[in-house]
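The numbering of the sequence shown is this note's numbering, which starts it at 7 and goes up by one. Ideal Cβ positions, reconstructed from N, Cα and C, are used throughout, including at glycine. Notes to accompany the following structure.
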Amino acid sequence: MEKDYTEKVIEFMEQLQKLGEQLEAAQNQQKFMISRLLELKKDNLTDTEEYTSLSIRSKALQDMIDKWRPIYLERLEMVKDVKKKKK
């Protein structure tokens, strides 16, 4: 029984770490896209295919970040609570 519990905790921690890494990568990609969108806007190129495509991708990426960030933060808080209780 103890081993099964330990394996679940390890799996949870690994998934949490992966989610954090994916969110960080998504946020970095989002920064790049927003930066490019601002460059295009500054150059009055908002009616280009690149701008439209980046806009759509940026919105989809932000939606994904908005969906998963609260879940990640909630799970991270759970881990912090367990660590506090253990001390």
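8 Å Cβ cutoff met for residue i and residue j
i      : j     : result
Arg125 : Met39 : Since the first residue of the chain shown is 7 and the last is 93, residue 125 is not available in this structure.
Ile71  : Leu29 : yes
Val88  : Leu22 : no
Tyr3   : Leu46 : Because residue 3 is not part of the residues shown, which for the chain are 7 to 93, the question remains open.
Arg42  : Leu60 : yes
Spatially closest choice to residue i from the options, by CA coordinates
i     : options                       : result
Gln35 : Lys47, Tyr11, Lys14 and Lys65 : Lys65
Under the three-state DSSP convention, the category residue i falls into
i     : result
Lys47 : helix
Thr58 : helix
Thr52 : coil
Residue i Cβ short of 7 Å to the ligand COA heavy atom set
i     : result
Val88 : Inclusion of the ligand COA in the displayed structure is not the case, the ligand content being empty and no account of it being possible.
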